[in-house]
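Engineer: Numbered according to full-length UniProt numbering, the sequence shown spans residues 1 to 93.
Below is one structure. I have some questions about it.
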Amino acid sequence: MAQATARHILVSTEDKCNELKAAIEGGADFAQLAREHSSCPSGRQGGELGSFGPGEMVREFDTVVFSAPLNEVQGPVKTAFGYHLLEVTSRQD
């Protein structure tokens, strides 16, 4: 079964999500921004979500994680929880 590892930043607004994405594209550290801004408990670990398979996360998340290029920040991705920036750090199909 496919497995992936990813990290994310969860915020409440699309504007904030876009602001953080621009900061990362400008050289800001993803993990540091996750610690400072993410409303998910994973923010304390720099947004690290560990390893998971298809169907273990919400559908919108899965769609990106199991199709996006590795090590490229994706988003904003809207879910019932808010807006996410996602970075897939590894994937085995």
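A virtual CB, placed ideally from N, CA and C, is assigned to each residue, including glycine.
Do three or more CB pairs link the region 69-82 to the region 3-20 at distances below 8 Å?
Structural biologist: yes
Engineer: Based on Cα-Cα distance, which residue from A22, S67, L20, D29 lies nearest to S90?
Structural biologist: S67
Engineer: Going by C-alpha to C-alpha distance, which of H8, G82, R44 sits closest to Q74?
Structural biologist: H8
Engineer: Could you work out which residue in L70, H84, T5 is closest to E19 when comparing CA atoms only?
Structural biologist: H84
Engineer: Flag this pair as yes or no: are the beta carbons of G50 and A31 separated by less than 8 Å?
Structural biologist: no
Engineer: Going by the beta-carbon positions, is the gap between A6 and V65 smaller than 8 Å?
Structural biologist: yes
Engineer: Quick one: what's got a C-beta closer than 8 Å to E25's C-beta in the same chain, skipping five residues either side?
Structural biologist: V73
Engineer: Where do the N-terminal and C-terminal ends of the alpha helix (DSSP H) with A34 fall, by residue?
Structural biologist: 30-37
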